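Right, one structure below, let's go through it.
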Amino acid sequence: MEQTRPFYDFCIPFNKDDKVMRALLNELVELGYKTIAIDQSFDHSRKEAGKRGSEMFPEPHKVEHLRKEFGDKLRILQRITILYVDVNVAHAMSVSLNLRKFNLIAGQPKTDAALTHCCTTFNGDLVTFDPAAGSRLMVNRKAYQVAVRRGMFFEIKYGPAIADSNNRKDMIKVAHNYGIKGKSRNIIFSSGAEHQFQLRGPYDVANLAFIFGLSEDQGKNAVDRHCRQLFLRAESRRLGKTIMFVKGGGPIVFSDSSDDNQGDSQDDEMEGCPKEEELDEESDGANGENNEEEENKPANKRLKTA
């Protein structure tokens, strides 16, 4: 399992231009981020009819050169965002091998039915929304509670809100709907920034909690603790059930206080008792003294009676 460190940004859109990607990653390092996810989108609603039942999801983009370049400065994960309108995406996800190569899987529903499915049965880790589509999709209370019980998280992107005021209004409306329907539980903040000037520091992002209807602790968790929980859930989904063996570095001594007390009491009782060797010596000495006394006694003379 890959190790992660705060702070987190789980939505950095992929760009084919390496100069733009390097500028984004350098800015993230300067702002104090340690773990990020490069996102690529796939529109399942535009799938070809002949590809039903076969591999239709793309492979992750090649980012090994970026991982080597940034080394320990930045942990780079890979994420896919699936745009879909019906529940047929579940079958395609169950038979796909490329999806297992991604660290994170996000669902972006386009209809109310897809939103309910994303919260209840979607085999992913994250629920997101399209800021450009407006705030026409609102999650209901029951679906939100089911998603929280399943360990799903809801994403709020601040990058599009910086670029467009209309997106800012829609994002605030969606965020307050999360607060009304589910008390803003399991919320994470991501940038979704396509340019380095749209990025903000983690403490500045945490302060956006007051605008989105979250508390101060929820704002801090949205860029740290909840992101870590999301990553662990995604790893458990990818790896499944595992067995861990723990080996001790030094000798292991097992002791029981009751046994020790019993042993001490028995030792105390045995202190006053003579040992077997002493008993043997005493018995030998007693036998020797008796023999000497018998030898020293005068011989009994038998009296003759007339």
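FYI, the numbering for the sequence shown is 337 to 642, going by the numbering used here.
Glycine is no exception: its CB is placed at the ideal position from the N, C-alpha and C atoms.
All values reported here derive from a predicted model rather than from experimental measurement.
Could you tell me whether the region 397-412 touches the region 373-381, using the rule of 3 or more Cβ pairs below 8 Å?
Touching, yes.
Is the separation between the beta-carbon of Q481 and that of T464 shorter than 7 Å?
No; because the gap between Cβ atoms is not below 7 Å, this pair is not in contact.
The region 530-546 contacting the region 562-575, beta-carbon criterion three pairs below 8 Å:
Judged by pairs of C-beta atoms under 8 Å, the region 530-546 does not touch the region 562-575, as fewer than three such pairs exist.
Fully enclosed by the region 478-560, which beta strand (DSSP E) runs are 3 residues long or longer?
Counting whole runs of 3 or more residues, the region 478-560 contains the beta strand (DSSP E) stretches 489-493, 523-526.
Distance check for N513 and F438, CA to CA, integer angstroms please.
When rounded, the distance between both Cα atoms is 30 Å.
Roughly how many whole angstroms lie between the Cα atoms of A359 and G585?
Going from the Cα of A359 to the Cα of G585 covers about 45 Å.
Does the distance from the CB of L473 to the CB of A442 come in under 7 Å?
Their beta carbons are not under 7 Å apart, which means L473 does not touch A442 by this criterion.
Tell me the rounded alpha-carbon separation between K404 and A449.
Taking C-alpha positions only, K404 is separated from A449 by approximately 42 Å.
Would you kindly work out how many angstroms separate the C-alpha atoms of V541 and E363, rounded to a whole number?
Using only the alpha carbons, I get a separation of about 15 Å.
By how many angstroms is the C-alpha of N459 removed from the C-alpha of G487?
Computed Cα separation, rounded: 11 Å.
Can you give me the Cβ contacts of C454 inside the same chain, cut-off strictly under 6 Å, excluding the 5 residues immediately before and after it?
Cβ neighbours of C454 beyond the five flanking positions: G443, P445, V463.
If I measure Cβ to Cβ from T340 and keep anything under 7 Å in the same chain, skipping five residues before and after, which residues do I get?
Cβ within range, chain order: T371, R411, R564, F567.
Just to check my reading of the structure: C347 and G528 have Cβ atoms closer than 8 Å, yes? What is that Cβ distance to the nearest angstrom?
Right, the Cβ-Cβ distance comes to about 5 Å (below 8 Å), so this counts as a contact.
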